[in-house]
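In what follows, a single structure is set out as structure tokens and then discussed.
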Amino acid sequence: MAVTETSATEAPREFQSGVANSVLHINDVHKSFAGLHALSDVDLAVREGETHAIIGPNGAGKSTLLNVCVGRLKPDRGSVTFDGEILTGKEPHEINQLGVARVFQTPEVFPDLTVLENVMVPALSKRDGHFTLNPFKRFGAETRLRDEAEATLKSVGLQGQLTALASSMSRGDKRRLELAMGLIQHPRLLLLDEPTAGMARHDTNATIDLLKQIKEGGMTKVIIEHDMHVVFSLADRISVLAGGRIIAQGTPEEIKNNPKVKEAYLGDEEV
Amino acid sequence: MSDRKNPTRRGVIKTGAAAGAALSTPYFFTGTSLAGGHSYRNEPKGKDVTFGFNVPQTGAYSEEGKDELRAYELAVEHINAGGGGMLDTFSSKALKGGVNGKTVKFVTGDTQTKSDAARASAKRMIESDGAIMITGGSSSGVAIAVQGLCQEAGVIFMAGLTHSNDTTGKDKRANGFRHFFNTEMTGAALAPVLKNAFGGERTAYHLTADYTWGWSQEGSIKKYTEGLGWKTAAAVRTPLGAGDFSSYITPVLNSGADVLVLNHYGKDMVNSLTNAVKFGLRDKQVNGKDFAIVVPLYSRLMAQGAGENVKGIFGSTNWHWSLSDEGSKAFVKSFGEKYGFPPSQAAHTTYCQAILYADACQRAGTFKPSQVGKALEGFKFDGLGNGPTEYRAEDHQCFKDVLVVKGKENPSSKFDVLEVVEVTPRAKVEYKPELLGGELGPYNDGPV
Amino acid sequence: MFSQSRNDWLLFIGFSIAVLCAPILMEPFGGNYPDLLQKLAIFGLFAIGFNILFGLTGYLSFGHAAFIGVGSYVSIWSFKLLTMNAIPAVLFSVIIAGVFAFLIGYVSLRRSGIYFSILTLAFAQMCYSLAYSVLTPITNGETGLQLRALRTNPDLGLLDADIRVLDQALGIQETSVPTPNFFGLQTSGYEGFYFCAVILIVGFFIAQKITNSNFGMMLKAIKSNQNRLNYTGIHARPYLLAAFVISGMYAGLAGSLMAVTDPIAGAERMQWTASGEVVLMTILGGVGTLVGPVLGAGIIKYAEQKVSSWNEGIISDFFSFLPAGLQDFTASFVSLFVGEGWHLTLGLLFMVIVIFLPGGMMEGFRRIVGLFKRPNDNDTVSNSATAQPAE
Amino acid sequence: MDEIFLQVLNGLDKGGAYALIALGLTLVFGTLGVVNFAHGTLFMLGAFCTVALNRMLTTSYQRVNPDKTDFLGNPLKEDIPYVQDWFGADFSAFVFDYNVPISILLAIVVMGLVGVIMERGLIKHFYNRPHADQILVTFGLAIVMQEIVKHYFGANPIPQNAPDIVGGAANIGAWIGLGDNVVYPVWRLVYFAFSATIIFSVFAFLQFTTFGMVVRAGMQDRETVGLLGINIERRFTIVFALAAIVAGLAGVMYTPILPPDYHWGMDFLVLSFVVVVVGGMGSLGGAVLAGFMLGILQSFASMNQVKAIFPGIDQIIIYLVAVIILLTLPRGLMGRKGVMED
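Protein chains in written order, with the working numbering: chain A, 189 to 459; chain B, 2 to 449; chain C, 2 to 392; chain D, 85 to 426.
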């Protein structure tokens, strides 16, 4: 940790480019918990349509950064803007309605609802907004959305479990369901928090393929990942977070060859 | 649940509405209008007639309710036997075993001391068990609610323990009758005794339960004590069931008042009295006079609970077991032999009500409410423990002597809590029926 | 599987038939008399409404009795001031209970969990205490608000004399104190039960619609994982408030029907124990199911009315087939649990249900049905899982 | 001035009782994560330990006294307590006088047992059940216990007396130079001192013993403590028993102030929950603070001067404070984030 702290002082600003066409802009964000700096002076720009990976050792502040983006945490200083809208201070549901969806690290599905219903909730949210009062609109009659939901579930490989309760699913299946819940909203920005953690290798590969497909659809993605196989398969650009600071940023190739990153994070880990 | 359904049905058939007609012809087919030769609500067709005893069996007043039930059972025994207990000393000799040739059966209900629950159980007894009349209760809110219901349903209501003026005042109903006394009579009876005991130059401080009965009580005591020259320092409302009354009692210490009037009943009475005594009020000297505490309506059952604390404290009661007239003695003997302890005033008033109702039916020769009511109106009787008594026709209120009592200094047993200080004669407590307002309206014999 | 509206219709029709035939169904239990039947319908309605909040969103309100009270008071005032017709009374009650629910819900829903429960409890207790004492000019305190004859003496206050302006304008003659009616049809007795039963069926239909709607699914999602819902773009609070107001309106309707079938309104209807009672009903029958709360309401009201009336005499008559000594022993043992001991039975019933059948009676039925259906294939199992919320 | 002083004393007294009840309640929340609706009933059971001891001590045989007659005119059967026969009149008088303090010993044993049985027999099966289930099952248990007490002791309040030596009223005014009207029952002062002692003991126990340390750690983070390999189950049982004993002792000592009746559990249930919630779920300090605060506010609200301005304020003060506190301080006075919010 001490090593990263010292090296972080010279956070390389030169990597920041493309602010003009960036869709998500994290600006000088600072967050501390009880005196512990979780994030310091984080600046980050994510370009429209790119897949941006954030990597870093455990406790580097990756999840905190994501939580700041979706409104779960309020930064002490700095701001997050998405497509010109300031996200800081907005409620989570407002941020989602702007087109930012999040896939959680530990699956946060609706355990008492069926798999299909789990996907229908975000689908309805996308269509109807954060609140509509029409208590008589039959849920069962939403055929168009349901077809879409079934298609999405098929794309993550859950087509066989539409009526199962989410609580009865395996952890891996819950992660896939999480992904489907994010995808169904066709968000402009999808934040993925370790989408493949805990998955078996072949499932991971399937997920990578799926995410690659979406990439072709032009959705902007921010992905937090430990698995370098995933990162280097998907990312257009990578930011490295250590000790709450961004210590490097660039294309996968640049990051691979960045000695600071190697020193601070990759170390002896095989890439 | 399935093995429970049997007791109801069998039980109700046996003890309950053995009047039979009520159950064998389900109401479903008759509707609420009484077809098939009934000329009034629940007219008994068989050899039995069913009384409905509606008393609190759960909640704070359940001990009183139990005592009422005991008295009712005793009364039913005596009525069916045509004698025993106070029936032997009762001035009317109409009852000769059963009523109008029918054996009396009864059903019971739990009022929970809540108006809604009391009305619901009364309705069950009327609609399902075929009760010809309803009697009981231990609070005025409940009595008034049930009285209104009986008026609508077309059965007679013989009120139990209810002390508010409204029962036979503002809220009186033709089908309702009350044997118990009320706050007006308490005030009229108590005030002169208080004046004799404590002098005419007193300042009273009232603590009043914050609901209708409390207000009624406070109003009556104020009216009569102020009429005798007393002053009222303050009248403070306390929440029902306040528990610890200390924060209401400490202001009394500095108020300059020398009498504390506790317009509380039941648990509130025990609690506020205990608190007041523990604050040393009974031993206090104010303005050179001994401080006095008054509990206008005593309940011996509750006072028994208040133990030591009631010693020397004045109040009024409808009846007390230590009275030495023949009626009281006979009642105490029959009750005591059956249950092993003396009856309470609640037991006494409900026993009287059951006897009075049965007697009126016998004299009227029918159970039809309007005719039973006529037989009760203006009925003068004696031998039921209160001396000569009259059911006044104008408001269906009994007028009789009122007992002023005081907590006994040297009780000989745990039941011997109160001693009778004075028997205020009826003439002194009587008032004009118009005084309390309200209107009886016509009798209702039920939908025919 | 979402198009199973046929099942919903079957459930609805079955429920309607059961409700309308309640007098026949209750006959073997000795429960066939108007008051109990009315109470079953009224508290069934209350519990259905309560279930929309508690069963679907999981928010446990201890203050719903306040809306019962509001509904009752409003209805009686409508009878006193406007007309004896039940329709305006019911409408005003529902609307004003809705307004109260909006105000209380708006404030209480700023908190969740037990904090929410305590807030609703606090509001209801305040309503109760004030109605019992300080607000007596409106509520007539302990005695309860009652109907009176028309005012003839202008000195009398509105508590002691009624005006009924609409009825007067229509020239309706009154002798003494009238009873509420539904366009000339009386609303007490069996007529009253059928009046309530029809409203119960309508209420059930609406609740069924709500449960099966998008809105209903959002409410279930709130119960399941409110936090996740926020990140899905749904603002939970308006949904909660809507559910709170709807269930408050159901409670107001139930309170109004209490006044319509029996025109008196007392403050103790608002006490927290009354709110607790509806929670017990819902849990006993089955939280989150449609039929369960009605069933629970029925059982509790039946126990309150009938079990409490089985006094010792009745019990010992029942055991009269036993030898004398055994009869006494059995009778005195059983009488611990019935008659004045019926609270004990209620308490034990509760513990048993919560310990062994957390899903209430409905879960019990499902388990029994499950015993016979075991050999069937998986398909029916998953079907019953989706059909679950509709039961 | 005198009056305000007296009302503060009243408030401290009520507050003492509230704090003691709430203390156990919040302790059980904080460590076991259980919402115990039967906690008020434990307070009631404690109070009935006193009544039961009284019954036991006065267990009597009957001796016919031919000189006196009973209410039916028969020769009076006098009840002679065995204690009196066995140990003499002086001793029995002493025992009866000190009934309340002696029953503390009984209450510790009885309430400890009740606590252990309740926790082992029922509560432990509900650790992982939803709060609503916990509320319902303990509510059911509260009804059952209350009805059993009612069956044996009746529904009427049964007054208990403090020992004579502290049974009177003290002229505090004379001690501290206020007017002659500042008199206060000695037992209420004893009660305040007692509740303060118990509160301090509980805090000291949690602060300075290893056991207490583990419990406090458990309140902060239950999972971690479980991971440390500590037998948390046994400690839960002890914590629950401790809470039961504290509530029971509060009940025993309260009997001379308020005659106990079977319904105390329900009477104090809502109140104790309000206290705990106002203090903040799972916060011991909060419970004590809120207990005393609500006690004092309640006393002030019942003053005539206050009631003249806000009629009926004494009826609703507790709830009003609860609403205001919860809306301004989301987790009560001293509550922590995330406790009991799901």
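By construction, the Cβ of each residue, glycine as well, lies at the ideal position given by its N, Cα and C atoms.
Can you find a CB in chain D that lies within less than 8 angstroms of the CB of F280 (chain B)?
Under the Cβ distance rule, F280 (chain B) counts among the residues neighbouring chain D, one pair being separated by less than 8 angstroms.
*In angstroms, rounded to a whole number, what distance separates the CA positions of G408 (chain B) and L302 (chain B)?*
When rounded, the distance between both Cα atoms is 13 angstroms.
Taking 8 angstroms as the threshold (C-beta atoms), are M362 (chain C) and G277 (chain C) in contact? Annotated as distal: G277 (chain C) and M362 (chain C), with beta-carbon spacing of 8 angstroms or more.
Does any CB atom of chain B fall closer than 8 angstroms to the CB of I354 (chain C)? no
Requested in this report: Could you tell me which of A:G432, A:P440 and A:K342 sits nearest to D216 (chain A), measuring between CA atoms?
Outcome: A:G432
Residues near Q349 (chain A) in its chain [Cβ-Cβ closer than 6 angstroms; skip 5 each side]
V303
Given E453 (chain B), which residues of its chain have a CB within under 7 angstroms of its CB, disregarding the five upstream and five downstream residues?
What is shown of chain B runs 2 to 449, which leaves residue 453 (chain B) out entirely.
- Would you please verify whether the beta carbon of G252 (chain D) is less than 8 angstroms from any beta carbon of chain B? yes
Do the stretch 257-276 of chain D and the stretch 382-392 of chain D meet, that is, are 3 or more Cβ pairs less than 8 angstroms apart?
no
H447 (chain C) lies in the alpha helix (DSSP H); which residues open and close that run?
Residue coverage of chain C in this structure runs from 2 to 392, which leaves residue 447 (chain C) outside it and unanswerable.
Span separating the alpha-carbon of D426 (chain D) from that of E219 (chain B): With a pLDDT of 45 at D426 (chain D), under the threshold of 50, the modelled position of that residue is not reliable, and no figure is offered here.
inquiry  = Output needed for P27 (chain B): all residues of its chain with C-beta closer than 8 angstroms, excluding positions within five of it in sequence on either side, in chain order.
reply    = Summary for P27 (chain B): the model assigns pLDDT 36, below 50, so the residue's position carries little reliability, and this model does not support an answer.
Nearest-angstrom beta carbon gap, M271 (chain C) and A48 (chain C) [assumed within contact, 8 angstroms]: With 8 angstroms as the limit, A48 (chain C) and M271 (chain C) do not qualify as a contact, their Cβ atoms being about 17 angstroms apart.
(message) Between F47 (chain C) and chain D, is the shortest Cβ-Cβ distance under 8 angstroms, so that the two count as touching?
(response) It does not; no Cβ of chain D falls within 8 angstroms.
| query | What are the residues of the stretch 163-186 of chain B that lie near chain C, defined by any Cβ-Cβ distance shorter than 7 angstroms? | reply | Interface annotation for the stretch 163-186 of chain B against chain C: D167, K171 and D172, criterion Cβ-Cβ distance under 7 angstroms.
>> Below 8 angstroms on C-beta distance, what does Y133 (chain C) contact in chain B?
In response: D211, Y212 and L241
Problem - Outcome for V309 (chain A) when other beta-carbon atoms lying within 10 angstroms are tallied against a minimum of 16 - result: buried
Find the residues of chain B that neighbour K40 (chain C), judging by a C-beta separation of less than 8 angstroms, and give them in chain order.
A121
Query raised in the report: I294 (chain B) versus chain E: which residues are under 9 angstroms apart at the beta carbon?
Result: This model lacks chain E altogether; the protein chains it does include are A, B, C and D.
* Going by alpha carbons, who is nearest to S144 (chain D) out of D:Y166, D:I256 and D:G363? -> D:Y166
When you compare the CB positions of E162 (chain D) and N183 (chain D), do they come within less than 8 angstroms of one another, or not?
no
Buried or exposed, going by whether 16 or more other CB atoms sit within 10 Å of the CB of L93 (chain D)? By the 10 Å Cβ count, L93 (chain D) comes out buried.
**Report entry** F298 (chain A) beta carbon less than 8 angstroms from that of L377 (chain A)
**Finding:** no
Return helix, strand or coil for D264 (chain D), following the three-state DSSP convention.
coil
By Cβ distance, which residues of its chain are closer than 7 angstroms to V419 (chain A), with the 5 residues on each side in sequence left out? A241, I243, E413 and I426
Do D163 (chain C) and K81 (chain C) count as a contact pair if the criterion is CB distance below 8 angstroms? yes
Could you please tell me which residues of the stretch 234-250 of chain C, in chain order, have their CB closer than 7 angstroms to any CB of chain A? G234, I235, H236, P239, Y240 and A243
Q. Whose C-beta lies closer than 8 angstroms to the C-beta of Q209 (chain C) among residues of the same chain, with five residues either side of it excluded?
A. D9, L12, F13, L291 and A391
Taking Cβ to Cβ, would you say A298 (chain C) is nearer than 8 angstroms to T58 (chain C)?
-> no
Self-check item: Contacts around S267 (chain A), its chain only, beta-carbon distance under 6 angstroms, and the 5 residues preceding and following it disregarded
Solution: N215, I274 and T276
_Please state the DSSP three-state secondary structure of K401 (chain B)._
coil
**Request:** Using a Cβ cut-off of 8 angstroms (strictly closer), state whether I256 (chain D) contacts chain B.
**Result:** It does not: the Cβ of I256 (chain D) has no partner Cβ on chain B nearer than 8 angstroms.
Selected residue, minimal CA-CA separation from N215 (chain C), among A:F319, A:G345, A:E238 and A:P280:
A:F319
Q.
Less than 8 angstroms between the beta carbons of A132 (chain B) and G138 (chain B), yes or no?
A. No, the pair does not count as a contact, with Cβ atoms beyond the cut-off.
- Task: Answer yes if the stretch 432-447 of chain B comes into contact with the stretch 323-339 of chain B, meaning at least three C-beta pairs across the two stretches below 8 angstroms, and no otherwise.
- Result: A contact is defined here as three or more CB-CB pairs under 8 angstroms, and the stretch 323-339 of chain B fails this definition with respect to the stretch 432-447 of chain B.
request  = From the DSSP output, in three-state form, read off Q204 (chain A) for me.
outcome  = Residue placement at Q204 (chain A) is poorly supported in this model, since its pLDDT is 42, which falls under 50; the coordinates still yield a value, given next. Residue state, collapsed to three classes: coil.
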